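**Student:**
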């Protein structure tokens, strides 16, 4: 049995996307309590425009102190200990690798950061995750007894469309989708935006895919299954930001 709610500190695993920003608006307005700690995991691959938005509008306009859990807290990088890529890359055979990046780069990193800050079994927490009502399929409780997961947007019956309305009402622009610049869930529009608006991120994504394909030539970052530098970004493809296993990415 978990500790009573009154004995748990309130913390927030901040995702950086539209749901998290909508939550930040609700906190800034006083509609929700201000958590004791707000933390975002640095995957080391987060798109630059997400960090820029957080600095200018979340930390700046909304005055939310978002702290960063460094990627050094992760025990693996781009590859597992067995040498397998962690992101869900596309295979030349038509399939897709399972996704292990969110668990290793975000969930576990935030948990370790919280432990380093003194939270844990003797100081348990209620942890917010920014998932909206239309994404209830992404709700997953924490595997750690000292972390009790909460989904305040779902409790308030807030949908993704409501998140956009909250952000507009706060007078700040819509945030870019929070994602790694090497995320295979990107559709052509997102790859095109990365190339046009964040050329440095695009260049790094191309370099990283090249590195991966030197070891695994049958793997690709995009669903066209061609090297990223050669992908046709003019195709009208469905956006694929809908399948983060941990319920933390893109929120």
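Residue numbers (the working numbering): 40 to 290. We put the beta carbon where it would ideally sit given N, CA and C, even for glycine. Keep in mind it's a predicted model, so treat the numbers as computed, not measured.
Should residue 145 be labelled buried (16 or more other beta-carbon atoms within 10 Å of its own) or exposed?
**Tutor:** Counting Cβ neighbours within 10 Å, residue 145 comes out buried, since at least 16 surround it.
**Student:** Alpha carbon to alpha carbon, how far is residue 194 from residue 211? Give it in angstroms, no decimals.
**Tutor:** Whole-angstrom Cα-Cα distance: 24 Å.
**Student:** Per DSSP, what are the beta-bridge partners of residue 186 in this structure?
**Tutor:** Its beta-bridge partners are 164.
**Student:** For residue 263, name the three-state secondary structure that DSSP assigns.
**Tutor:** Residue 263 falls in the coil class under three-state DSSP.
**Student:** Is the beta carbon of residue 59 sitting closer than 9 Å to the one on residue 169?
**Tutor:** Going by C-beta atoms, residue 59 is nearer than 9 Å to residue 169.
**Student:** Is there contact here, the region 238-247 with the region 128-148, by at least three beta-carbon pairs under 8 Å?
**Tutor:** Flag = no, the region 238-247 and the region 128-148 do not touch.
**Student:** Compare the C-alpha of residue 142 against each of 106, 81 and 204 and name the closest.
**Tutor:** When each option's Cα is compared against that of residue 142, the closest is 81.
**Student:** For the alpha helix (DSSP H) containing residue 200, list its first residue and its last residue.
**Tutor:** Unbroken alpha helix (DSSP H) run through residue 200: 199-208.
**Student:** May I ask you to report which of helix, strand or coil DSSP gives residue 15?
**Tutor:** As displayed, the chain neither begins before 40 nor continues past 290, which places residue 15 out of reach and without an answer.
**Student:** Considering Cα atoms alone, identify which of 237, 98, 57 and 262 is closest to residue 133.
**Tutor:** Answer by Cα proximity: 262.
**Student:** Is residue 159 helix, strand or coil by DSSP?
**Tutor:** Reduced to three states, the DSSP call for residue 159 is strand.
**Student:** So which of 57, 113 and 185 has the shortest CA-CA distance to residue 199?
**Tutor:** Cα-wise, what sits closest to residue 199 is 57.
**Student:** Could you give the DSSP three-state label for residue 140: helix, strand or coil?
**Tutor:** Note: residue 140 maps to helix in three-state DSSP.
**Student:** In angstroms with no decimal places, state the Cα-to-Cα distance between residue 69 and residue 189.
**Tutor:** When rounded, the distance between both Cα atoms is 18 Å.
**Student:** If distances are taken between C-alpha atoms only, which option among 248, 174, 138 and 165 comes closest to residue 181?
**Tutor:** Looking at the Cα atoms, 165 is the closest of the given residues.
**Student:** With a threshold of 8 Å on Cβ separation, who are the neighbours of residue 135 within its own chain once the five nearest residues in sequence on each side are excluded?
**Tutor:** If we look at residue 135 and ignore the five residues flanking it on each side, its Cβ neighbours are 127, 128, 129 and 223.
**Student:** If we count the other Cβ atoms within 10 Å of its Cβ and call it buried at 16 or more, is residue 174 buried or exposed?
**Tutor:** So residue 174 ends up on the buried side.
**Student:** To the nearest angstrom, how far is the alpha carbon of residue 151 from that of residue 85?
**Tutor:** So the two alpha carbons sit approximately 19 Å from each other.
**Student:** Which word fits residue 89, buried or exposed, when buried means at least 16 other C-beta atoms lie within 10 angstroms of its C-beta?
**Tutor:** That one is buried.
**Student:** Following the continuous alpha helix (DSSP H) through residue 175, name the residue where it begins and the one where it ends.
**Tutor:** Careful: residue 175 lies outside any alpha helix (DSSP H) and carries neither H nor E.
**Student:** Among 120, 78 and 252, which has the Cα closest to the Cα of residue 105?
**Tutor:** Measuring from the Cα of residue 105, the nearest candidate turns out to be 78.
**Student:** Is the separation between the beta-carbon of residue 172 and that of residue 61 shorter than 9 Å?
**Tutor:** Cβ atoms of residue 172 and residue 61: not closer than 9 Å.
**Student:** Give me the Cα-Cα distance between residue 235 and residue 220, rounded to the nearest whole angstrom.
**Tutor:** Going by the C-alpha atoms only, they are around 13 Å apart.
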